[in-house]
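Here the protein sequences come in this chain order: A and B. Taken in order, the first sequence gives residues 1 to 160; the numbers are from this note's numbering. Taken in order, the second sequence gives residues 1 to 160; the numbers are from this note's numbering. Where is the CB? At the ideal position from N, CA and C, for every residue including glycine. Below: one structure, written as structure tokens.
2 protein chains.
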Amino acid sequence: MKFFEDIRVGETTEIGRHTFTAEEIKAFAARFDPQPFHLDEAAAARSMFGRLCASGWHTACMWMRLLVDHRRREDDARRARGEPVATLGVSPGFRELKWLSPVYPGDTITYATEVIDTRSSMSRPEWGIMTARNTGTNQRGEPVLSFVSSAFVERRQKQS
Amino acid sequence: MKFFEDIRVGETTEIGRHTFTAEEIKAFAARFDPQPFHLDEAAAARSMFGRLCASGWHTACMWMRLLVDHRRREDDARRARGEPVATLGVSPGFRELKWLSPVYPGDTITYATEVIDTRSSMSRPEWGIMTARNTGTNQRGEPVLSFVSSAFVERRQKQS
């Protein structure tokens, strides 16, 4: 992770892409969201979606996975250059999560994150708070997911 | 699902309980949130959490699973009584998701949902919109999860 002081509002990063298969859509749904339109093609054809589609939670969880992978690659590159790596703190949560379009088997979702705010933490002076808008967009350029996340990020220079 | 007209603001329902095991915490994390404190006890002991704990997405996804199971049981009971069952429409998303405390192996989370608003849909007169506050609480009574969800619910009497 970058240190808090190095993060700029407006920075946008593509964190990764994922192509959803019917098999993984069904496997996720069987465990966490066993509704017919996420589990079975024939039942989905009779549903309001008309086709098998991914649980919205599945679409959101893949954002988390790709973000962790992206940050690991970035931190590995920093270490290879001999640079220090900041600690990413806990996330208190997120807001305004919107599922904007269904994700169907074969869809490739590109996930991106844009820094929309940085501010000091009053209660934890060694951390800053980064707020980001996160998006998922399918291969036709249609948005499928949007939400705003917050996370604590380590400061290089501790506040007194 | 109840029909929209039968839903009352203030109704609170316990939708289910789940005890998180170390094995499932690690399995979820390996797939969707591979951070050390969700994957490995020794690495977690060195982290800010001090112990292995569940991904916040895992805690949220179990809410979805228990809600689907709860509604299925309710709908089965309605059909057994010969009552009609309303269709639950899509969820446009949710807001204000907060992870309030970590969930550790062995913790039993009780999930509940409270209706906080019902309103007509201007764009889809055959549906109403139900808004609910959803919570997860551990066996010590500490809140671990809170968020507000919205969903379309079928009306018994279609608006003209």
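| request: Taking only beta carbons into account, state which residues of the segment 54-67 of chain B come closer than 8 Å to chain A, listed in chain order. | output: 55, 56, 57, 60, 61, 62, 64 and 65
| At least 3 beta-carbon pairs within less than 8 Å: the segment 73-82 of chain B vs the segment 140-160 of chain B | no
| Collapsed DSSP secondary structure at residue 67 (chain B) in the structure displayed | Residue mapping note: residue 67 (chain B) aligns to position 67 of the second sequence, counting from 1. Three-state result, residue 67 (chain B): helix.
| query | Any idea which residues DSSP pairs residue 134 (chain A) with across the strands? | reply | What you label residue 134 (chain A) is simply residue 134 of the first sequence in a count that begins at 1. Looking at the DSSP assignment, residue 134 (chain A) forms a beta bridge with A:113 and A:147.
| Reduced DSSP category for residue 94 (chain A) - H, G, I as helix; E, B as strand; rest coil | To locate residue 94 (chain A), count along the first sequence from 1; it is residue 94. Strand.
| Residues bridged to residue 127 (chain B) [DSSP beta-bridge criterion] | Reading the second sequence from its first residue, position 127 is the one you call residue 127 (chain B). BP columns for residue 127 (chain B) point to B:154.
| Member of B:99, B:89 and B:98 whose CA lies at the smallest distance from the CA of residue 1 (chain B) | In the second sequence, residue 1 (chain B) corresponds to position 1, counting from 1. Per the Cα distances, B:89.
| query | What residue range is occupied by the uninterrupted alpha helix (DSSP H) comprising residue 14 (chain A)? | reply | For the purposes of this step, residue 14 (chain A) is identified with residue 14 of the first sequence, where counting begins at 1. Residue 14 (chain A) -> not in any alpha helix (DSSP H); beta strand (DSSP E) instead, spanning 12-19.
| message | If distances are taken between C-alpha atoms only, which option among A:98, A:53, A:10 and A:27 comes closest to residue 37 (chain A)? | response | By one-based count along the first sequence, residue 37 (chain A) stands at place 37. Measuring from the Cα of residue 37 (chain A), the nearest candidate turns out to be A:53.
| message | Just list the residues that DSSP pairs residue 88 (chain B) with in beta bridges. | response | The residue you call residue 88 (chain B) lines up with position 88 of the second sequence. Answer is B:153.
| task | Check whether the segment 150-157 of chain A touches the segment 82-100 of chain B, taking contact to mean three or more Cβ pairs, one atom from each stretch, closer than 8 Å. | result | no
| message | Checking the sheet assignment: what are the DSSP bridge partners for residue 120 (chain A)? | response | The count along the first sequence starts at 1 and reaches residue 120 (chain A) at position 120. According to DSSP, which records beta bridges pairwise, residue 120 (chain A) is partnered with A:128.
| request: Assuming residue 22 (chain B) and residue 105 (chain B) form a contact by the criterion Cβ under 8 Å, report the distance between their Cβ atoms to the nearest whole angstrom. | output: Position 22 of the second sequence, counted from the first residue, corresponds to residue 22 (chain B). Position 105 of the second sequence, counted from the first residue, corresponds to residue 105 (chain B). Going by Cβ atoms, the distance from residue 22 (chain B) to residue 105 (chain B) rounds to 4 Å, so yes, they are a contact pair.
| task | Give every residue of the same chain whose Cβ lies closer than 7 Å to the Cβ of residue 13 (chain B), excluding the five residues on either side of it in the sequence, and list them in chain order. | result | One-based indexing of the second sequence puts residue 13 (chain B) at position 13. Around residue 13 (chain B): 112 and 113.
| request: Just grab the DSSP bridge partners of residue 99 (chain B) for me. | output: Within the second sequence, the letter at position 99 stands for residue 99 (chain B). Residue 99 (chain B) pairs with B:145.
| Closest Cα partner of residue 62 (chain B) within the set A:40, A:45, A:71 and A:34 | The sequence position of residue 62 (chain B) within the second sequence is 62, counting from 1. Nearest option by C-alpha distance: A:34.
| For residue 97 (chain B), which option in B:115, B:59 and B:146 has the closest C-alpha, if you only look at C-alpha atoms? | By one-based count along the second sequence, residue 97 (chain B) stands at place 97. Among B:115, B:59 and B:146, the Cα nearest to that of residue 97 (chain B) belongs to B:146.
| task | Determine the direct distance from the alpha carbon of residue 134 (chain A) to that of residue 43 (chain B), and round the result to whole angstroms. | result | For this step, residue 43 (chain B) is matched to residue 43 along the second sequence. For this step, residue 134 (chain A) is matched to residue 134 along the first sequence. Those two C-alpha atoms are separated by around 28 Å.
| query | Going along the chain, which residues of its own chain have a beta-carbon closer than 7 Å to the beta-carbon of residue 121 (chain A), five neighbours each way excluded? | reply | In the first sequence, the residue the question calls residue 121 (chain A) occupies position 121. Cβ within range, chain order: 127, 128, 129 and 152.
| Residue-level contact to chain B via CB, residue 84 (chain A), 7 Å cutoff | The count along the first sequence starts at 1 and reaches residue 84 (chain A) at position 84. Closer than 7 Å: no.
| said: What residue range does the alpha helix (DSSP H) around residue 32 (chain A) cover? | reply: Within the first sequence, the letter at position 32 stands for residue 32 (chain A). Counting along the chain, the alpha helix (DSSP H) containing residue 32 (chain A) begins and ends at 22-32.
| said: Against residue 96 (chain A), what residues of chain B qualify as contacts under a CB-to-CB distance less than 9 Å, listed in chain order? | reply: For the purposes of this step, residue 96 (chain A) is identified with residue 96 of the first sequence, where counting begins at 1. Chain B residues near residue 96 (chain A): 93, 94, 95 and 96.
| residue 51 (chain A) to residue 103 (chain A), Cα distance in whole Å? | Translated into positions along the first sequence, residue 51 (chain A) becomes position 51. Translated into positions along the first sequence, residue 103 (chain A) becomes position 103. The straight-line gap from Cα to Cα measures roughly 10 Å.
| Nearest CA to the CA of residue 149 (chain A): which residue from A:115, A:123, A:15 and A:136? | What you label residue 149 (chain A) is simply residue 149 of the first sequence in a count that begins at 1. It is A:115 whose Cα lies nearest to the Cα of residue 149 (chain A).
| Delimiting residues of the alpha helix (DSSP H) encompassing residue 4 (chain B) | On the second sequence, residue 4 (chain B) is found 4 positions in, with the first residue counted as 1. Per DSSP, residue 4 (chain B) lies in no alpha helix (DSSP H) segment and is marked neither H nor E.
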